[in-house]
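Structure first, then comments.
Residue numbers (the working numbering): 282 to 510.
Put into structure tokens, the structure is as follows:
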């Protein structure tokens, strides 16, 4: 598959190609990685790569609504066991904080068949509505590299709008999905309280006001991701 073809599909569209055996997950991942190597130095959307893990997963039998679809998670919660995690903070980056668990939302996304190849840029502890942490530097908007991609899910928004992936993990307490969606021309829904999980760290965040979900190009991908979790 060429990048010019890859960019035309949303997540469900790519998953259908995999299901119909028109393309293999490893081929989709290769296209995504090739474009990432070209685009990410300008965007600074992915700050913690998981390329080797993704290549191994793409070779495994995958099932679920989004089987074989390249994916990214936000570097704020959404932990993967054994993968360094910084929450956009120099403090956690310096000690190389590496969780020994998967976040429950990650487990459910994995059951949906996604192939995660990196963690995306976010302001320190998700506090700001723009993404420019001292730990990793500013994340840029694909539509205009002089502009920011919003926050706190700015890295995920930049990655989706920039064509790295069709859908990426995000979270929203006070606009952290909706703000970058508006900055980058994407669809961003904040789910209702309690709709998506926060375990195993805690039962809820911000007294229930913060929810985890995705940023994507289409309404149907957002709806299907909610169904999947």
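Yeah, the Cβ is synthetic: ideal placement off N, Cα and C, and Gly gets one too. Nothing here was measured: the structure is a model prediction, and the numbers come from that model.
Check, Outcome
"Assign residue 328 to one of three DSSP states: helix, strand, or coil.", "strand"
"Measure the CB-CB distance between residue 331 and residue 309 and report whether it falls below 8 Å.", "no"
"Starting from the Cα of residue 334, find the closest Cα among 352, 424, 322 and 460 and give me that residue.", "352"
"Counting beta carbon pairs with one atom in the segment 383-398 and one in the segment 339-349, are three or more of them shorter than 8 Å?", "yes"
"Report the three-state DSSP secondary structure of residue 388 (helix, strand or coil).", "helix"
"Do you know whose CA, among 441, 436 and 389, lies nearest residue 480's CA?", "389"
"Give me the residue from 461, 447 and 446 with the minimum Cα distance to residue 453.", "461"
"Okay, do the segment 498-506 and the segment 434-454 touch, 3+ Cβ pairs below 8 Å being the bar?", "yes"
"I'd like to know if the segment 287-307 and the segment 404-413 are in contact, where contact means that at least 3 CB-CB pairs between them fall below 8 Å.", "no"
"Excluding five sequence neighbours on each side, which residues of the same chain lie with their C-beta closer than 7 Å to the C-beta of residue 422?", "428, 429, 430, 439, 464 and 465"
"Give the secondary structure of residue 499 by DSSP, where H, G and I count as helix, E and B as strand, and everything else as coil.", "coil"
"Hey, out of 450, 314, 375 and 287, whose CA is closest to residue 360's CA?", "450"
"When DSSP labels each residue in this structure, what does residue 351 get in the three-state scheme?", "strand"
"What are the boundary residues of the beta strand (DSSP E) that residue 451 is part of?", "448-453"
"Would you tell me roughly how many angstroms separate the C-alpha atoms of residue 419 and residue 327, rounded to the nearest one?", "11 Å"
"Please list the segments of the alpha helix (DSSP H) lying wholly inside the segment 292-337, counting only runs of 4 or more residues, in order along the chain.", "292-300 and 306-324"
"Whose C-beta lies closer than 8 Å to the C-beta of residue 370 among residues of the same chain, with five residues either side of it excluded?", "405, 406, 414 and 416"
"Thinking just about the alpha-carbon of each residue, which of 298, 315 and 293 is nearest to the one in residue 509?", "293"
"Contact defined as beta carbons within less than 8 Å: I believe residue 436 pairs with residue 477. What is the distance between those atoms, to the nearest angstrom?", "Residue 436 to residue 477, Cβ: 19 Å. No contact."
"Determine the contact status of residue 358 and residue 493, defining contact as a CB-CB distance below 8 Å.", "yes"
"Which partner residues does residue 492 have in the DSSP bridge list?", "453"
"With DSSP as the reference, identify every bridge partner of residue 469, one or two as the case may be.", "496"
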